[in-house]
Structures are given as C-alpha cells and as structure tokens.
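Undergrad: Take the sequence shown: its position 243, counted from the start at 1, is 238 in the numbering used here, and no numbers get skipped.
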Amino acid sequence: MAGRIEDYALIGDMQTAALINRDGSADWLCLPRFDSHAIFAGLLGTEEHGFWRLGPAHPADTAAPHADRRRYRGDSLVLESEWDTPRGTVRIIDFMPPRDGAPQLIRIVEGVSGRVPMRSELRMRFSYGRVVPWVHKVEGRTVAVAGPDSVWHDTSAETYGKNLTTYSDFTVSPGERIAFTISWEPSHKGQPPLPEPEASLEATEDFWRDWVEHCTYHGPYRDAVVRSLITLKALTYAPTGGIVAAPTTSLPEEVGGVRNWDYRFTWLRDAAITLSSLLRTGYRDEARAWREWLLRAVAGDPENLQIMYGIAGERELGETELGWLPGYEGSQPVRVGNGAAGQLQLDVYGEVTEALHLAHMTGLARNDYASVLQLKLISYLEKHWYEPDEGIWEVRGPRRHFVHSKVMAWVAVDRTIKLIEAGDADGPLERWREMRDAIHRDVCDKGYDKERNTFTQSYGSQELDASLLLIPQMGFLPPDDKRVIGTIEAIQRELSTPDGFIMRYPTSSGDENLDGLPGDEGAFLACSFWMADDLAMIGRVDEARRLFERLLALRNDLGLLAEEWDPRLQRQVGNFPQAFSHVPLIDTALRLTASGAYGG
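1. Tell me, which residues are paired with CYS25 by DSSP?
2. Within its chain, find whatever has a CB closer than 7 Å to the CB of GLY495; leave out the 5 residues flanking it on each side and keep chain order.
3. Would you tell me roughly how many angstroms separate the C-alpha atoms of LYS184 and PRO467, rounded to the nearest one?
4. Starting from HIS131, follow its DSSP beta bridges and name the residues at the other end.
5. Ordered along the chain, which non-local residues of its own chain (more than five positions away) have a Cβ less than 6 Å from that of ARG550?
6. So does the segment 6 to 17 actually touch the segment 89 to 101, counting three or more Cβ pairs closer than 8 Å?
7. For VAL85, is the classification buried or exposed, using 16 other Cβ atoms within 10 angstroms of its Cβ as the cut-off for buried?
8. Once DSSP output is grouped into helix, strand and coil, what is the label at ASP296?
9. Does ILE466 come out as helix, strand or coil in the three-state DSSP assignment?
10. If you reduce the DSSP assignment to three classes, tell me which class TRP262 lands in.
11. Based on Cα-Cα distance, which residue from SER590, ALA589, HIS577 lies nearest to ASP218?
12. Count the other C-beta atoms from every protein chain shown that fall within 10 angstroms of the C-beta of TRP129, then say buried if there are 16 or more, exposed otherwise.
13. Which ranges would you report for the beta strand (DSSP E) in the segment 98 to 180 if only whole runs of at least 3 residues count?
14. Roughly how many whole angstroms lie between the Cα atoms of TRP78 and HIS61?
15. Would you kindly work out how many angstroms separate the C-alpha atoms of ASP342 and GLU484, rounded to a whole number?
16. Please work out which residues of its chain come closer than 6 Å, Cβ to Cβ, to ARG66, disregarding the five sequence neighbours upstream and downstream, and give them in chain order.
17. At what residues does the alpha helix (DSSP H) containing TYR344 begin and finish?
18. Mark VAL133 as exposed unless 16 or more other C-beta atoms lie within 10 angstroms of its C-beta, in which case mark it buried.
19. How about LEU273 and LEU224: are their beta carbons less than 9 Å apart?
20. Taking only three categories from DSSP, how would you classify ASP506?
21. Of the choices PRO169, VAL127, VAL329, whose alpha-carbon is the least far from that of ASN158?
22. What three-state label does DSSP hand SER326 in the structure shown?
23. DSSP three-state label for ILE533, please.
24. Since ARG64 and GLU105 should fall inside the 8 Å C-beta cutoff, what is the C-beta to C-beta distance between them, to a whole number of angstroms?
25. Can you check which of these residues, ALA284, GLY45, PRO54, GLN567, is closest to ALA360 by C-alpha distance?
26. Who are the Cβ neighbours of GLY170 in its own chain at under 7 Å, not counting the five residues just before and after it?
27. What is the DSSP secondary structure of GLU425, counted as helix, strand or coil?
28. In chain order, what residues of the same chain have a beta carbon less than 6 Å from the beta carbon of GLY277, not counting five sequence neighbours either side?
29. By Cβ distance below 8 Å, which residues in the same chain neighbour LEU72 in space, the five residues on each side in sequence not counted?
30. Looking at the structure shown, is ARG48 part of a helix, part of a strand, or coil, going by DSSP?
31. Quick check on VAL479 - is its C-beta less than 9 Å from some C-beta in chain B?
32. On the DSSP letters alone, give me the boundaries of the beta strand (DSSP E) that ILE497 sits inside.
33. Would DSSP call VAL406 helix, strand or coil?
34. Evaluate the contact criterion for the segment 334 to 349 versus the segment 301 to 314: three or more CB pairs, one atom per stretch, below 8 Å.
35. By how many angstroms is the C-alpha of ARG586 removed from the C-alpha of LEU539?
36. Give a yes or no on whether the C-beta atoms belonging to LEU376 and ALA404 are separated by under 9 Å.
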C-alpha cells in the first residue's frame, strides 16, 4: 500500500513525526516519541497495520487519487495538499503543533471551489500494527485504547465504525473548513484537552516563521538550505536536544533486501555534524542543547562511549525483528532497536571532538565539563587508536584498521591540542603532539597505495571508501596534496554510478561480501555531497556546482532526501528524511557560496 519513499511529506512537533503520502494517507506515526511504537505502520506493511487517509471520496475498487499540488506553507512544516476533482477543488492542511502537552496530528479540510465529497478513513493499530485497540465513545469523543496508550479522535463531522475502522463521509463547500484531530494520552489518565485547530495552526506557523528568521545564510541556495534546516529541527527531540538520524525504521537501502535499520536514535556522528551545520547557520540554542545532551548521555563514563544513544540518552537499544510486518515493498526483516550501538567506531571520537571544538571557536558559552570530556576522550584514544574497529559504516563483518577511523582519531587529538595551545585546557601537550604525529605517519604508511596513488578503505586492502573524501575537509592533508587529488579521482573512477553519484564502498569483491551483509545498496547521498565539496576544494568548482545541482534535483517536490539514491530504479531509498543527507547539503551550499561557484 505504501507509496514511493519520495512520495511522502514530513510533519512533526520536534518530539515525533508523521509521514503523509500524496494520496492523503498518514502511513507512519509513532506516539508519543520518535522511538515509540507506531500507531500507523502501513508504511512497512499493509492497510491492516494502520493508516489515516483523508481526501476526496473515490470508488472502493479504485486507488485513492494523488494530490494535484502540495507544498509547505512558506518556511514552515505546515503541509498543504490540493486535489482538483470533477466536483471542485479541495485543500487539506496537515501539521503537528509544537507542544509541551499531548501530541496532536491536526488535519483541516478546506473547500476551494465546488462541492467535493470527502472521506476520512482512520485505522489505528497499536504496537506497530499488531494490536487492535478498543474503540469507543467518551462524552462524544472517539477514543482508542490499548495497554498504556490511548488516542483520542475529534471532529465536528459525523463518524461511524465499520470493519474496525472509523469513517467520516462529508461534503465540503467553498470557504468551509472542517478539522480532524488525533491526540495521544497515557491510557490511565483522563481525556486530553479538546484541540483548538485554528489557533494551533496560527501558533505553528508563527513558531516556524520566527525560527527561520535566525538563519544567517542568505546565499543563492537559501531555499534548499532553509528546508534542510527545518528538517533537521524537526528531527530534534525538543525535551532533551537529542537528534534522531531519521524518523523511520527499516526503509530499505535496497528494495526487497535485508539492509533495513532503525534510525530513530541519536548517533554521535550524525548529531555532531548536525551541530556543526546549525552553528554555521546561526542556530546556537540548538547547538547548546545538543552539547548538554551529549554531556548527560556520556556522563562520567567516556571510556564506554557508545556510538549512539536513545533520544533521552538511553544506552540499551537492543535490536529485534517484527515478524508480523512484511516490510516496505517486501523488504525484510523489519527491525526496531539497533545492534550497532555496541560497536567500536573510533571515528566518533573525532566527530564529537570536532563538534566541541567548533562550538568553542564560534563563541558558544564555555562549559568546563565539555573540556574535561574532550581530554578524557583523548586519554581513551591514547590507549586504543591503533586497534581495528567497525568503522563509520557499521559493517557487520570483521573489524579492520579503517583509514577514516584513524584520520578521525587524528582529528580528535589535533583539535584537543589546539584547545590546550589556546590556554583553554591543560594536558600533556608534547606527548599528545607525538601521538598526533604517530597517527599521521601510520595512516600515510599503511593506508596509502603508492602504485595507484590513493588511500584505501583499510590497511592492506585494495578497496576504496568514500569516507576518504573527508581527508582534506578535516585538514589531515591539504587539498593540493597529490595523494588527496589521486584519492578523489580514484573514487570518481571506481565508486561513481553512471549518473555521477558516489557509492560508499564496494559491497562485495568476487564472492565475498565486504560488509558482512548480502545484497547491494544505492548511491549514498552524503558521499556525493562530499565529492562536490572536494571538487570545489581542489579548484574544480564548476564540476562541483554541477554535481551539487544534480543532487538538489534528487530531492522530492518538498525538498526532502532519503539516505540513498537507487541509480537502477531511479528513486530514493533508505530511511526518510535523513539528517545525514540534509547536513552535507547545507555544508556544500555554504562552501560553494563562499567560492562563488554557483549559476546565475
């Protein structure tokens, strides 16, 4: 039943999010948090697993019509969709108001012309589509209850139940507005407050308008940058400052394959680079909130630093499979939780340290514990940087000496040395300078293939890896170094798709699966943005701009990107929308703007 991944729109309240299909169907919603159980899981199954379709009435034996037009209202997360029907035109306004109380999904139907027959079809299924709730009336309100959860449905339209589904059939005339709302509340509590749809709509638009005004970027790619910033803000869990990698689980990296992961958690890597983009576009409050989240999550135990945590700093993220869900277009298994939480990924130390360094350099108010944490991270690396790890891509094969991991360990030491040299921390400066030099020599001696003039994925390997594109961006080597240029050109030759986008790494070599998983994946969008950055850094700015603008063209009609692009199917794949795609979009736009490398 689900649409193409790029057919979905995102709405959210900075605590959870919903995905709305072009046909007006909400096919994904977890309540009350991003990582809660879904009440609409149709995205990963069938209509039996929960959805809420609102749109023009249509014959039962035909597919629901897609909206003829849709857009976000200005720089906001308020979605407008319009249908032109033989009876007239109708508009639906979908949004989730930022909240400190009950989460709400509000849908307002507005007549534009003619008299249009409409239908609301609400099928709530708790626990990822597994549990049918008890639906009944309480003081004129419809409530669905199962275990600890209750969802309240409010509308002025008449409703009726049929086949374990709540329906409403009505007609809308020009200028008429009819609101539908669902609100979550713990089942042991009383009713949530009655919603106020029109007031909530005004407040939601005001919130986003005021937030966007803080953006300091005013370059030629402003629309794309602002939409990406709004998306990143929507992926931030407001109560704690944690940032989810994506609001979905198990959208496949290969349609029909097994590379399906739960991204509703806070990866230190993703969150750190998100903080970097927010800082460089004027958003210090979000950066400060993330730094506080980090300090709480790591607490006094940096030696047991995890690569990812729950959005409130939870450490236990056990991975399980939901066997009753058939998966998106048959992509199984559907997973919740993420076993990668227990992996060793040494590059995370570099990303976190780089983020803390940037926060310090851009004038974010000093936090003494942040400096203490940075020193403790380096003390850990001093004992472990030379060990093999699972690397940035969380391979489920054997540990290796990944070049990118060593480079980012170097970054962690380098930025901490700069902190000490500036007089803002105390540490064994000479010893750590020696460690920095040792890591650098180790990478250049063992991770570089002299015959091919390229760095490789890991020590002693022949394979390439797009994470090597970060070598000049992190300052490990200057952009004009022949080894950097050789690596960029080798990745272009060996990891490019026919349309010029970049794969992360070769997933197999002969009969061997290099990452411990069967199947393949699409072009990784973050890596393609990194390529554009590198091309600009080595002076090939026109080529960089052309690649960047091809990447912008992959966004859906609302400016959203998933994790990857399938060059064979010509469609987006992976969890959606993906912070790790929108962050490098912002970074590349800033770099190209600074270089003047943009079209008229």
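We put the beta carbon where it would ideally sit given N, CA and C, even for glycine.
This structure is a prediction, so every number in the text was calculated from the model and none was measured.
TA: According to the structure shown:
1. What you label residue 25 is simply residue 30 of the sequence shown in a count that begins at 1. Residue pairing by DSSP puts CYS25 in a beta bridge opposite ALA33.
2. Here residue 495 corresponds to residue number 500 of the sequence shown, with the count starting at 1. Closer than 7 Å at the Cβ level, and outside the excluded window around GLY495, lie LEU542, ARG545.
3. Against the sequence shown, residue 184 aligns to sequence position 189. Against the sequence shown, residue 467 aligns to sequence position 472. Their backbone Cα atoms lie some 55 Å apart in a straight line.
4. For the purposes of this step, residue 131 is taken as residue 136 along the sequence shown, with counting starting at 1. Residue pairing by DSSP puts HIS131 in a beta bridge opposite VAL138.
5. The count along the sequence shown starts at 1 and reaches residue 550 at position 555. Closer than 6 Å at Cβ, skipping near neighbours: LEU556.
6. Three or more beta-carbon pairs separated by less than 8 Å link the segment 6 to 17 to the segment 89 to 101, which places the two stretches in contact.
7. The residue given as residue 85 occupies position 90 in the sequence shown. By the neighbour-count rule (16 or more Cβ atoms within 10 Å), VAL85 is buried.
8. Along the sequence shown, read from residue 1 onward, the residue named residue 296 stands at position 301. In the structure shown, ASP296 sits in coil (DSSP, three-state: anything other than H, G, I, E or B).
9. Residue numbering aside, residue 466 sits at position 471 when the sequence shown is read from its first letter. The three-state reading of DSSP puts ILE466 in helix, counting H, G and I together.
10. Taking the first residue of the sequence shown as 1, we reach residue 262 at position 267. Three-state DSSP puts TRP262 in a strand.
11. Position 223 of the sequence shown, counted from the first residue, corresponds to residue 218. The candidate whose alpha carbon is nearest that of ASP218 is HIS577.
12. As a working mapping, residue 129 is identified with position 134 in the sequence shown. It counts as exposed.
13. Qualifying beta strand (DSSP E) stretches, in chain order: 99 to 109, 111 to 118, 129 to 133, 136 to 141, 144 to 150, 155 to 157, 160 to 167.
14. Within the sequence shown, the letter at position 83 stands for residue 78. Within the sequence shown, the letter at position 66 stands for residue 61. If you draw a straight line from the Cα of TRP78 to the Cα of HIS61, it is about 7 Å long.
15. Looking up residue 342 in the sequence shown gives position 347. Looking up residue 484 in the sequence shown gives position 489. The alpha-carbon atoms of ASP342 and GLU484 are separated by roughly 24 Å.
16. As a working note, residue 66 is residue 71 in the sequence shown. Result list for ARG66: GLU75, in chain order.
17. The count along the sequence shown starts at 1 and reaches residue 344 at position 349. Membership of TYR344 in the alpha helix (DSSP H) is indicated by the continuous run 342 to 356.
18. In the sequence shown, residue 133 corresponds to position 138, counting from 1. It is exposed - the Cβ of VAL133 has fewer than 16 other Cβ atoms within 10 Å.
19. Here the question's residue 273 lines up with position 278 in the sequence shown. Here the question's residue 224 lines up with position 229 in the sequence shown. The Cβ-Cβ distance between LEU273 and LEU224 falls below 9 Å.
20. Numbered from 1 along the sequence shown, position 511 holds the residue referred to as residue 506. The predicted position of ASP506 is uncertain, since its pLDDT is 44 and thus under 50; a value taken from the coordinates is nonetheless stated next. Correct three-state label for ASP506: coil.
21. Here residue 158 refers to the residue found at position 163 when the sequence shown is read from its first residue. Comparing Cα-Cα distances from ASN158 to each of PRO169, VAL127, VAL329, the minimum goes to VAL127.
22. For the purposes of this step, residue 326 is identified with residue 331 of the sequence shown, where counting begins at 1. Look at SER326 here: in three-state DSSP terms it is coil, with no helix or strand label.
23. Along the sequence shown, one-based indexing puts residue 533 at 538. The answer is coil: DSSP assigns ILE533 none of H, G, I, E or B.
24. Here residue 64 corresponds to residue number 69 of the sequence shown, with the count starting at 1. Here residue 105 corresponds to residue number 110 of the sequence shown, with the count starting at 1. Rounded, the Cβ-Cβ distance is 14 Å, inconsistent with contact.
25. The residue given as residue 360 occupies position 365 in the sequence shown. Nearest to ALA360 by C-alpha distance, out of ALA284, GLY45, PRO54, GLN567, is ALA284.
26. To locate residue 170, count along the sequence shown from 1; it is residue 175. Excluding residues within five positions, the ones whose Cβ falls inside 7 Å are GLY106.
27. Taking the sequence shown and counting its residues from 1, the one referred to as residue 425 is at position 430. DSSP, read as helix, strand or coil, puts GLU425 in helix.
28. Your numbering for residue 277 matches position 282 in the sequence shown. These residues qualify, in order along the chain: HIS209, CYS210, THR211.
29. Here residue 72 refers to the residue found at position 77 of the sequence shown. Only LEU5, ILE6, GLY7, PHE90, MET91, THR199, TRP203, ILE225, ALA229 meet the Cβ criterion.
30. As a first step, residue 48 must be located in the sequence shown, where it is residue number 53. Residue state, collapsed to three classes: strand.
31. You won't find chain B in this structure, because it holds only one protein chain.
32. For the purposes of this step, residue 497 is identified with residue 502 of the sequence shown, where counting begins at 1. Premise fails: ILE497 is in no beta strand (DSSP E) and is neither H nor E.
33. Working through the sequence shown from its first residue, we reach residue 406 at position 411. For VAL406, the three-state secondary structure derived from DSSP is helix.
34. Contact holds between the segment 334 to 349 and the segment 301 to 314, because three or more Cβ pairs, one in each stretch, are under 8 Å apart.
35. Start at 1 with the first residue of the sequence shown, and residue 539 comes out as number 544. Start at 1 with the first residue of the sequence shown, and residue 586 comes out as number 591. Position check: residue 539 holds Ala in this sequence, whereas Leu was assumed. Straight-line spacing of the CA atoms in ALA539 and ARG586 works out to 10 Å.
36. Position 381 of the sequence shown, counted from the start, is the residue given in the question as residue 376. Position 409 of the sequence shown, counted from the start, is the residue given in the question as residue 404. Contact flag set, yes.
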